[in-house]
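S.K.: Just dropping this structure here.
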């Protein structure tokens, strides 16, 4: 028997492709499509009433030919929404095995009325055709016009109770328009919360997943307890699911890790028609981990399909789909997963379409009916987008459409969108409009020529760093003049910024602060003015340059006022808090808390300090519940991020989950991104006993304004809730700068943080700290203290696990010094404040329980060690380190960095290193007078040693040449990292689950071997 190929005559490209690839010998068609189908095969049979009579009147002795179960049942062509269609062969055995396993899960009954919406080129149409008719149900087949233009009316007129729709279609209709529906199955695309929320609680909802290569469905999810949980695709039904390294399918990943989904079992298809090479690539045999097995499960053979989809396991064994592995792109050097971008909550932003008539649109090759047009981005839009997106993701231009193009299977046609975008962007007419709407360069500025020596030299260098997209639309390969580009807008990433900084220091012998590069207003000319000012040579300065800054000596840092009035910011926010405190002043004080079962709200639980705070809260006998707020698209996703951080820190057990509740949220959003129920709970004045606000975005290159929403506004919101409650303790974890004592004066700190080289992160943290401190002092003068601040210094791993934060400047400095074989002996008597993270977490919790212990509202953690003692510990472990004077040591480090450039561990932080060591004698004098007599706790020395041992074990630090200790590389070890880079881990002896179909949640036990490390990061963005 020949296999079936379904064709949709409305999609001509796919129709032709199917005909060419399928070797069709017989076509069944309607009378209307006879002419169209006549060229596809030698035999064309028209399906009409006479044919049905002939079938019904066939001789009773006529028997259908026997068909092997392994033969091809149908060939389905992929939709082509992301590329060229491919014909996939599915056997009878695979298809009916799927129906057998999934029948009870989907639950189509004999009374069901299933609406036949899906295109016949989409394999889901086959699925519900056989599932419905096989059980005795009714398949409701609409005409094409009703299906396309009167969907809700058609569903209602058929009294259909079941429908399979893509999210792109679901978002176009509403439950009240389809009162007869009882089951809605979302399939074909990633489901978003906004798509499904209107339907929640009104009918059965299912999320179905399955690549065409493995029958229409292989994974199902029906969540009844929480609408967010249905965003997960669920569990394998008729198939075993595996998660492997996206770059190597022979590496099996642990629970919670993001990797590529592999499917195994009888649902796996035969392969691609007429394409053996692609079949061999996508359908793999016997991966190493499956053959090896382990002590509990013997190895076995197997055939698996590589889906290309990135997933991770939730704690309950369901799978969360995060997008395509080939959907990861780079924007201005930063890695972006497009699927995660699409999950971002919708923004309502006003826009102004550019004036482009139909002729212009036709000239771009855009279909008139799509009505695509370029949209201008103005300052207001940039500001709103900056509240939701990192700087590098803010678009330079975008186009708007009345509706998105869809494939015949009603998915978003991404391929068509790319074509439309490219045709608009690169069209001659559009370029002129785009140039006026996109701010790559300073407005109305003349081009930079050779007459401006410094600016021209910089412009030449910057031009070599520009990405392809800029050069393509602003081609000037033989340029004799350059635009005065804005560095942050023209596509230069953070690695290029470091290279540009290095180029300036080598070419002009001056150092420009990294903050100046990161300022959105910095252009080529303003950079050249900074260089000229630092050079201190009037003859060297450009004729076009005017400045009021006169550096005292050549080679000093460029300085100017930041433009942010920190005092005004503090006063404005404080007036809001003071007003709230005044309203509450007549109410009674707070209750005693010593013997109560406490509920604690914690932010930043996924961070390095936050995960240890969480650990100690969950283990504290006075705490009965901990609510952690973490970023995530669903409850499971947020919870997984929290648990994953705990696993990395090597403390998580099943017992810890008993007290823990995790809410998905976002500190940058209004009300922390919580839903109405969650916000009502934390603001009701009685549910929260303690709020520990530890969360923040830490970015050493962003401005105060960019960080204000997350780092300041969230603090003020939570502080206000605590004040209104009266009984709620509020603890704020500050940071961002070195504190000297509790006696620091606000005006002195503001002056320090108003210099040009002050970091926006430090400014944001201090503004929040200052407002909290003022509130604490006001409260203390009238009532028992319930507001406090804890200020940790540098933080390292615990004395027990010793898991360090490998991104920390301290460990980068250690790695750089070990590599160079030297350290700065001029800093030997300088006291560096550092504490192990368990001590820090304990101090935070004890202060939250008893805010009165914070003197003046602020509690410092001032444990530490002299640098000389620190380097002695490393020498005692076998490292050969030589002390050098500051200038000599810096020269040694610079030479080492010059050789390795971007791959050197100190490359991203050289500007910090040089600034910190610029005036060592002033620091030594301060340290000698104040802190030289301090003693380092024994536990801190143990912690430092434990952290160094850990970094040796994971390969971040080399084995000491004179050390005899053995590396424990067979342990589960991964340094905590805030960056997107991490250690590459190869699993050894993975636990293979039983071959029971769908049982994929028992992959629990792993051992690892470290095979490679990479600790160079391209961005300092991370969240806590």
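In full-length UniProt numbering, the protein residues as written are 1 to 1024.
Ideal Cβ positions, reconstructed from N, Cα and C, are used throughout, including at glycine.
Predicted model only: the values in this text are computed from it and were never measured.
Among 902, 264, 791 and 110, whose alpha-carbon lies nearest the alpha-carbon of residue 731?
M.R.: 791
S.K.: Would you mind working out which of 114, 300, 166 and 109 sits nearest residue 180, comparing C-alpha positions?
M.R.: Looking only at 114, 300, 166 and 109, the smallest Cα-Cα distance to residue 180 is reached by 114.
S.K.: Quick one: give me the first and last residue of the beta strand (DSSP E) that residue 578 is part of.
M.R.: It is not in any beta strand (DSSP E) - residue 578 instead sits in the alpha helix (DSSP H) that spans 566–584.
S.K.: For residue 297, does the three-state DSSP call read helix, strand or coil?
M.R.: Looking at residue 297 - three-state DSSP - the assignment turns out to be coil, as it is neither helix nor strand.
S.K.: Output the distance between the C-alpha atoms of residue 1033 and residue 636, rounded to the nearest integer angstrom.
M.R.: Since the first residue of the chain shown is 1 and the last is 1024, residue 1033 is not available in this structure.
S.K.: Between 805, 526, 793 and 502, which lies nearest to residue 865 when the distance is taken from Cα to Cα?
M.R.: 793
S.K.: Assess contact between the segment 102–119 and the segment 282–289, defined as three or more Cβ pairs (one per stretch) separated by less than 8 Å. Is contact present?
M.R.: no
S.K.: Taking the straight line between their C-alpha atoms, what separation do you get for residue 643 and residue 630?
M.R.: 11 Å
S.K.: Can you give the beta carbon distance from residue 243 to residue 253, rounded, assuming they're within the 8 Å contact cut?
M.R.: 5 Å
S.K.: Rounded to a whole number of angstroms, what is the C-alpha to C-alpha distance between residue 693 and residue 770?
M.R.: 15 Å
S.K.: Are residue 799 and residue 946 touching if we call contact CB-CB under 8 Å?
M.R.: yes
S.K.: Run through DSSP, which three-state label would residue 5 get?
M.R.: strand
S.K.: In three-state DSSP terms, what is residue 884?
M.R.: Residue state for residue 884 is assigned as strand, using DSSP reduced to three classes.
S.K.: What does DSSP give as the partner residues of residue 164 in its beta bridges?
M.R.: 185
S.K.: Using the rule of at least 16 other Cβ atoms within 10 Å of the residue's Cβ for burial, across every protein chain shown, is residue 763 buried or exposed?
M.R.: buried
S.K.: Evaluate residue 52 with the Cβ neighbour count: other Cβ atoms within 10 Å of its Cβ, from every protein chain shown; 16 or more gives buried, anything less gives exposed.
M.R.: exposed
S.K.: Going along the chain, which residues of its own chain have a beta-carbon closer than 6 Å to the beta-carbon of residue 263, five neighbours each way excluded?
M.R.: 214, 218, 239 and 305
S.K.: Based on the DSSP secondary-structure assignment, which residues constitute the bridge partners of residue 206?
M.R.: 185
S.K.: By how many angstroms is the C-alpha of residue 634 removed from the C-alpha of residue 664?
M.R.: 6 Å
S.K.: Let me know the beta strand (DSSP E) ranges lying completely inside the segment 770–855, each 3 residues or longer, listed in chain order.
M.R.: Listed in chain order, they are 787–791, 794–796, 822–824 and 831–836.
S.K.: From residue 417 to residue 189, what distance separates their C-alpha atoms?
M.R.: 16 Å
S.K.: Taking contact to mean at least 3 C-beta pairs separated by less than 8 Å, is the segment 601–615 in contact with the segment 182–197?
M.R.: no
S.K.: Just checking, does the segment 779–789 make contact with the segment 843–856 on the three C-beta pairs under 8 Å criterion?
M.R.: yes
S.K.: Who does residue 1028 pair with in a DSSP beta bridge?
M.R.: As displayed, the chain neither begins before 1 nor continues past 1024, which places residue 1028 out of reach and without an answer.
S.K.: Can you give the Cα-Cα distance for residue 750 and residue 565, rounded to whole angstroms?
M.R.: 9 Å
S.K.: Tell me the DSSP secondary structure of residue 679 in three-state form.
M.R.: helix
S.K.: According to DSSP, which residues form a beta bridge with residue 244?
M.R.: 252 and 260
S.K.: Thinking C-alpha only, which one of 321, 497 and 251 is nearest residue 293?
M.R.: 251
S.K.: Going straight from the alpha carbon of residue 6 to that of residue 199, what length do you get?
M.R.: 31 Å
S.K.: Roughly how many angstroms lie between the CA atoms of residue 752 and residue 313, to the nearest whole one?
M.R.: 47 Å
S.K.: Within 8 Å, do at least three Cβ pairs link the segment 863–877 to the segment 898–918?
M.R.: no
S.K.: Considering only their Cβ atoms, is the gap separating residue 893 from residue 806 smaller than 8 Å?
M.R.: no
S.K.: For residue 43, write down the residues that DSSP places opposite it in a beta bridge.
M.R.: 26
S.K.: Determine, using beta carbons only, whether residue 108 and residue 137 come nearer to each other than 8 Å.
M.R.: yes
S.K.: Which residue comes first and which comes last in the alpha helix (DSSP H) that contains residue 704?
M.R.: 704–707 is the extent of the alpha helix (DSSP H) around residue 704.
S.K.: Assuming residue 835 and residue 863 make a contact with CB atoms under 8 Å, what is their CB distance in whole Å?
M.R.: 4 Å
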